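K.L.:
First the structure, which I've put down as structure tokens, then a few questions once you've had a look.
Shown next as structure tokens:
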């Protein structure tokens, strides 16, 4: 993919995230695409990817996603995003709290034939749980 094609890919992908169009998001992956995630572990194949997108949107139906930076190097890209949302559905076994969250994420992508072959998701899962109120932290001082 050219740099321009990758930029267009992410513009479409950002729109799909905003519309919560998991079918479009899944179609961005190769048939045997892999995702490494702090939340879902290592996931392979479109059927399994469909489940993780569906679970996310069931837990956070109003979540939003905003790209801050996009770095492109050949067939690889690094995307830095801010995600926000409201905990409105069961998440990791925890009932909805109605609390909001805001986290920054880094996603590393490897492309093959115009699709995502491998994705690594990096974010502070502990911070997410703290913001939702399902995890409590002791004061440091």
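In the numbering used here, the protein residues as written are 1279 to 1419.
All C-beta atoms, glycine included, are put in the ideal place defined by N, C-alpha and C.
For clarity, every value in this text was computed on a predicted model and none was experimentally measured.
Just to confirm the assignment: which complete alpha helix (DSSP H) runs, minimum length 4, are found wholly within the region 1314 to 1385?
P.N.:
1324 to 1337
K.L.:
Would you mind stating whether residue 1335 and residue 1296 have Cβ atoms separated by less than 8 Å?
P.N.:
Within the chain shown, residue 1335 is the residue found at index 57, counting from 1. Within the chain shown, residue 1296 is the residue found at index 18, counting from 1. One thing to note: residue 1335 has its Cβ no nearer than 8 Å to the Cβ of residue 1296.
K.L.:
Please give the ranges of any beta strand (DSSP E) in the region 1380 to 1419, keeping only runs that are unbroken, at least 3 residues long and fully inside the region.
P.N.:
The region 1380 to 1419 contains these whole beta strand (DSSP E) runs: 1393 to 1401.
K.L.:
As a quick exercise: from 1361, 1299, 1305, 1369, pick the residue whose alpha carbon is nearest that of residue 1399.
P.N.:
For the purposes of this step, residue 1399 is taken as residue 121 along the chain shown, with counting starting at 1. Of 1361, 1299, 1305, 1369, the residue nearest in Cα terms is 1361.
K.L.:
Can you pull the DSSP bridge partners for residue 1312?
P.N.:
By one-based count along the chain shown, residue 1312 stands at place 34. Note: residue 1312 sits in a beta bridge opposite 1322, 1396.
K.L.:
Please name the residue in 1305, 1374, 1390 whose C-alpha comes closest to that of residue 1328.
P.N.:
The count along the chain shown starts at 1 and reaches residue 1328 at position 50. Ranking the options by Cα distance to residue 1328, first place goes to 1305.
K.L.:
Less than 6 Å between C-beta atoms, sequence neighbours within five positions excluded: which residues of the same chain meet that for residue 1298?
P.N.:
Here residue 1298 refers to the residue found at position 20 when the chain shown is read from its first residue. For residue 1298, where only same-chain residues beyond five positions count, the Cβ hits under 6 Å are 1335.
K.L.:
What's the C-alpha gap between residue 1341 and residue 1331?
P.N.:
Along the chain shown, one-based indexing puts residue 1341 at 63. Along the chain shown, one-based indexing puts residue 1331 at 53. Straight-line Cα distance between these residues: approximately 12 Å.
K.L.:
Might you give, ordered along the chain, the residues of its own chain that have their beta carbon closer than 6 Å to the beta carbon of residue 1409, omitting 5 neighbours on each side?
P.N.:
Stepping through the chain shown from its first residue, residue 1409 is reached at position 131. So the list reads 1379, once near-sequence residues are dropped.
K.L.:
With burial defined as no fewer than 16 other Cβ atoms inside 10 Å of the residue's Cβ, what is the status of residue 1352: buried or exposed?
P.N.:
By 1-based counting over the chain shown, the position of residue 1352 is 74. When all chains shown are included, residue 1352 counts as exposed.
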